[in-house]
Amino acid sequence: PNNVVQTRAKNKNVSPPPLTSTFYYSVIARSILWYLLFGFLHEMAHVGCALVIAMARDDNCTIYAMKEILWNAPGGKLGMVARAFFERRVDIPSVLLSTAKQDGILQILSPVDIVRHSGWIFS
502 PNNVVQTRAK NKNVSPPPLT STFYYSVIAR SILWYLLFGF LHEMAHVGCA
552 LVIAMARDDN CTIYAMKEIL WNAPGGKLGM VARAFFERRV DIPSVLLSTA
602 KQDGILQILS PVDIVRHSGW IFS
């Protein structure tokens, strides 16, 4: 048996053993699931950032922001979650970000840019 292993190691033209179809499909399925999960988390980074910026507004419109993002989203909460999972997008009304306080980091970047870039920073 050791001769066979050593002979294969010396012969560079020997192909690796074939992958079983079960293993191949499980790798593909796991890859798709990880892609969906991390895509969803990426989109939730946008939502979380928008909620934090909405809390920084003068009128403290956190409840309004949650209502607009989650409950009034096209298709409701389930529609928002499905779009985040399968379309990799969330709809955040720009009115939530338009009148934020202009102090700190908001003097340098607009709230829309912060929300836009929060996804890739999270990723």
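Read in order, the letters of the sequence shown correspond to residues 502 to 624 in my numbering. Note that the Cβ used here is the ideal one computed from N, Cα and C, for glycine as well. These figures come from a predicted structure and were not determined experimentally.
Check: Would G577 be called buried (16 or more neighbouring beta carbons within 10 Å of its own) or exposed?; Outcome: exposed
Check: State the start and end residues of the unbroken alpha helix (DSSP H) segment that holds L610.; Outcome: Taken as a continuous stretch (DSSP letters only), L610 belongs to no alpha helix (DSSP H), as it is neither H nor E.
Check: Give the DSSP-derived three-state secondary structure of G620 in the structure shown.; Outcome: helix
Check: Between the C-alpha atoms of F539 and S624, what's the straight-line distance to the nearest angstrom?; Outcome: 8 Å
Check: Drop a sphere of 10 angstroms on the beta-carbon of L610, count the other beta-carbons inside from all chains shown, and report buried for 16 or more, exposed for fewer.; Outcome: exposed
Check: Since I593 is in the alpha helix (DSSP H), which residue starts that stretch and which ends it?; Outcome: Note, I593: premise wrong, no alpha helix (DSSP H); not H, not E.
Check: Just to confirm the assignment, what range does the alpha helix (DSSP H) spanning K578 have?; Outcome: G577 to A583
Check: Can you tell me whether I622 is buried or exposed? The criterion is at least 16 other CB atoms within 10 Å of its CB, across all chains shown.; Outcome: exposed
Check: CB-CB under 7 Å to H547, same chain, minus the five flanking residues each way: which ones, in chain order?; Outcome: V591, I593, V616, S619 and G620
Check: Which of the three DSSP states is assigned to A557 in this structure?; Outcome: coil
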